[in-house]
Amino acid sequence: MEGPRLPPSATAHESDDDKPDDPPSAWHRPTSSLPSLPSQDPPSHHWRNHSLKLSPTPTTPLPSLPPPDSIPELETYVVQVPRDQVYWTPPPEHAKYVEKRRSNPEKNKKNGCFKRLMWFFIILLVFAFILGAITLILHFAFSPALPVFSVEGLTVKPSNFEVTLRADNPTSNMGVSYLMKKGGLVSLMYKNKSLGRGKFPKMSQAASGSDKVDVKLDGSTKNAVMPPRGSKQPVSLVLMMELKAEYEAGPVKKNKEVVVTCDVKVKGLLDAKKVEIVSENCESEFKN
1 MEGPRLPPSA
11 TAHESDDDKP
21 DDPPSAWHRP
31 TSSLPSLPSQ
41 DPPSHHWRNH
51 SLKLSPTPTT
61 PLPSLPPPDS
71 IPELETYVVQ
81 VPRDQVYWTP
91 PPEHAKYVEK
101 RRSNPEKNKK
111 NGCFKRLMWF
121 FIILLVFAFI
131 LGAITLILHF
141 AFSPALPVFS
151 VEGLTVKPSN
161 FEVTLRADNP
171 TSNMGVSYLM
181 KKGGLVSLMY
191 KNKSLGRGKF
201 PKMSQAASGS
211 DKVDVKLDGS
221 TKNAVMPPRG
231 SKQPVSLVLM
241 MELKAEYEAG
251 PVKKNKEVVV
261 TCDVKVKGLL
271 DAKKVEIVSE
281 NCESEFKN
């Protein structure tokens, strides 16, 4: 591989000028335009190894930098900047709506009243629906059942009768109190003839309760045509009661009018103080 080209020496240039037949080189400049070059020694044997040193170490020391100037003392300044003011401009649709409402104040007033009335009726309907639902639930949840009566004994005295009854309350979630209906009576009859009348004593029963009650009736058998003494034929009597039943379960209260009719067949009505009951059947019904 050849080494780098060296610039042509002055001798060589002169020798070329002595040959007028040779044409001058196209890339060479005239000798007079080239600066004088210093003389160079031929490259040493290991010139490529020296050429690989891309960053040669400088031989001269770098000049030392001057010491930095002292930092001046900082001063504090308070700058007051006014707060940014943001202005909001509503869209033009809002302006049109406001103008429309201003142009028809009477219509807007009527619309407002109509809306208020509509909301009032809606709230009223909702309230009525809730109240009806609660009433319906309470009606089915707290529905009183008819009381059940039965005749267990009958005692005849010179001036009155004493009837022993058993009263059962089949309502499982409501207690009941029995009172005499205004103008009502308890009567014992034989062939549509009254033998005695009286009043039912006030009595209270718990839910699913069962109690005995004695009812006294003023009267006698003297004014009635009865079978002769010693007759073994049963006598049919009818006991009727008109009562007022008040059912209660906490805040829930219900009032009912109860009519009780008992068909009773007895023996020894005139011969013994305590009459034998052959059969009995009582039926109850609500009047309201």
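What the sequence shown shows, in the UniProt record's numbering, is residues 1 to 288, in sequence order. Glycine residues also receive a C-beta, built at the ideal position from the N, C-alpha and C atoms.
Q: Have a look at E280 and V266 and give me their C-alpha separation to the nearest angstrom.
A: Here residue 280 refers to the residue found at position 280 when the sequence shown is read from its first residue. Here residue 266 refers to the residue found at position 266 when the sequence shown is read from its first residue. Near 9 Å, if we compare the C-alpha coordinates of V266 and E280.
Q.
Rounded to the nearest angstrom, what separates V258 and E285 at their Cα positions?
A. Translated into the one-based positions of the sequence shown, residue 258 becomes position 258. Translated into the one-based positions of the sequence shown, residue 285 becomes position 285. Taking the straight line joining both Cα atoms gives about 6 Å.
Q) Between which two residues does the beta strand (DSSP E) containing Q205 stretch? A) Numbered from 1 along the sequence shown, position 205 holds the residue referred to as residue 205. Q205 -> beta strand (DSSP E) spans 203-205.
Q: Taking only beta-carbon positions, decide if V264 is within less than 8 Å of chain B.
A: Checking the listed chains, one finds no chain B in this structure; it contains a single protein chain.
Q. Roughly how many angstroms separate the alpha carbons of V264 and S236, rounded to a whole number?
A. If you number the sequence shown from 1, residue 264 lands on position 264. If you number the sequence shown from 1, residue 236 lands on position 236. The straight-line gap from Cα to Cα measures roughly 6 Å.
Q. When you compare only the Cα positions, how much space is there between D214 and P251?
A. For this step, residue 214 is matched to residue 214 along the sequence shown. For this step, residue 251 is matched to residue 251 along the sequence shown. Cα to Cα, D214 sits roughly 31 Å from P251.
Q | Per-residue DSSP class, three states only, for E257 | A | Here the question's residue 257 lines up with position 257 in the sequence shown. Reduced to three states, the DSSP call for E257 is strand.
Q) Using a Cβ-Cβ cut-off of 6 Å (strictly less than) and excluding sequence neighbours within five positions of E246, which residues of its own chain qualify? A) Locating residue 246 in the sequence shown gives position 246, counting from the first residue. Excluding positions up to five away in sequence, the list reads S177, N255.
Q: Give a yes or no on contact between the segment 170-188 and the segment 123-137, applying the rule of three or more CB pairs nearer than 8 Å.
A: no
Q: Decide if the segment 213-229 is in contact with the segment 109-118; the criterion is three or more beta carbon pairs, one per stretch, under 8 Å apart.
A: no
(Q) Just to confirm my understanding: we take K253, look at its own chain, exclude 5 residues before and 5 after, and list those with CB closer than 8 Å. What are they? (A) Residue 253 sits at position 253 when you count from the first residue of the sequence shown. Once the five neighbours on either side are set aside, the close Cβ partners of K253 are E246, Y247.
**Q.** Beta-carbon proximity list for F120, same chain, < 8 Å, skipping 5 on both sides
**A.** Here residue 120 corresponds to residue number 120 of the sequence shown, with the count starting at 1. Closer than 8 Å at the Cβ level, and outside the excluded window around F120, lies no residue.
Q.
I need the straight-line Cα distance from L146 to L124, nearest angstrom please.
A. In the sequence shown, residue 146 corresponds to position 146, counting from 1. In the sequence shown, residue 124 corresponds to position 124, counting from 1. So the two alpha carbons sit approximately 36 Å from each other.
(Q) Once the 5 residues before and after K216 are set aside, which same chain residues still bring their CB inside 7 Å of it? (A) As a first step, residue 216 must be located in the sequence shown, where it is residue number 216. Closer than 7 Å at Cβ, skipping near neighbours: N160, E162, G198.
Q. Between G196 and the rest of its own chain, which residues show a CB-CB distance below 8 Å, the 5 nearest in sequence each way excluded?
A. For the purposes of this step, residue 196 is identified with residue 196 of the sequence shown, where counting begins at 1. The answer, listed in chain order, is N160, F161, S187, L188, L217, D218, G219, S220.
Q: Please classify G175: does DSSP put it in a helix, a strand, or coil?
A: If you number the sequence shown from 1, residue 175 lands on position 175. Note: G175 maps to strand in three-state DSSP.
Q. Do A207 and N169 have their C-beta atoms within less than 8 Å of each other?
A. Translated into positions along the sequence shown, residue 207 becomes position 207. Translated into positions along the sequence shown, residue 169 becomes position 169. Yes, the Cβ-Cβ distance between A207 and N169 is below 8 Å.
Q: Return the residue from the list S143, K181, L270 that minimises the CA-CA distance to V156.
A: Stepping through the sequence shown from its first residue, residue 156 is reached at position 156. With distances taken between Cα atoms, V156 lies closest to L270.
**Q.** Backbone CA spacing between R166 and V225 [nearest angstrom]
**A.** Indexing the sequence shown from 1 puts residue 166 at position 166. Indexing the sequence shown from 1 puts residue 225 at position 225. Cα to Cα, the separation comes out at about 29 Å.
Q | Coil, strand or helix - L125 by DSSP | A | On the sequence shown, position 125 is the one that residue 125 refers to. Helix, per DSSP.
Q. Per DSSP, what kind of secondary structure is R229 in: helix, strand or coil?
A. Numbered from its first residue, the sequence shown carries residue 229 at position 229. Three-state DSSP puts R229 in coil, outside helix and strand.
Q.
Measuring straight from C-alpha to C-alpha, what distance separates T171 and M240?
A. Looking up residue 171 in the sequence shown gives position 171. Looking up residue 240 in the sequence shown gives position 240. Going from the Cα of T171 to the Cα of M240 covers about 22 Å.
Q: With DSSP collapsed to three states, give me the class of L269.
A: For the purposes of this step, residue 269 is taken as the residue at position 269 of the sequence shown. L269: coil per DSSP, three-state reduction.
Q. Do E242 and K193 have their C-beta atoms within less than 8 Å of each other?
A. Translated into the one-based positions of the sequence shown, residue 242 becomes position 242. Translated into the one-based positions of the sequence shown, residue 193 becomes position 193. In this structure, K193 does not lie closer than 8 Å to E242 by Cβ.
Q: Compute the beta-carbon to beta-carbon distance between E151 and I277, rounded to the nearest angstrom, for a pair I have assumed lies under 8 Å.
A: Locating residue 151 in the sequence shown gives position 151, counting from the first residue. Locating residue 277 in the sequence shown gives position 277, counting from the first residue. Here the sequence assigns Val to residue 151, which means Glu is not the residue at that position. Between I277 and V151 the Cβ distance is about 6 Å, and since that is below 8 Å, they are a contact.
Q) Skipping 5 residues on each side, what residues in its chain have a beta carbon closer than 7 Å to that of Q205? A) Within the sequence shown, the letter at position 205 stands for residue 205. Taken in chain order, the residues that qualify are A167, N169, G175, V176, D211.
Q) When DSSP labels each residue in this structure, what does L136 get in the three-state scheme? A) Counted from its first residue, the sequence shown places residue 136 at position 136. It is helical.
Q) Which residue's Cα is closest to the Cα of S231: K244, G268, C262? A) Counted from its first residue, the sequence shown places residue 231 at position 231. Here the closest residue by C-alpha is G268.
Q. Are residue 291 and V275 closer than 8 Å when you measure CB to CB?
A. Since the first and last residues shown for the chain are 1 and 288, residue 291 lies out of range.
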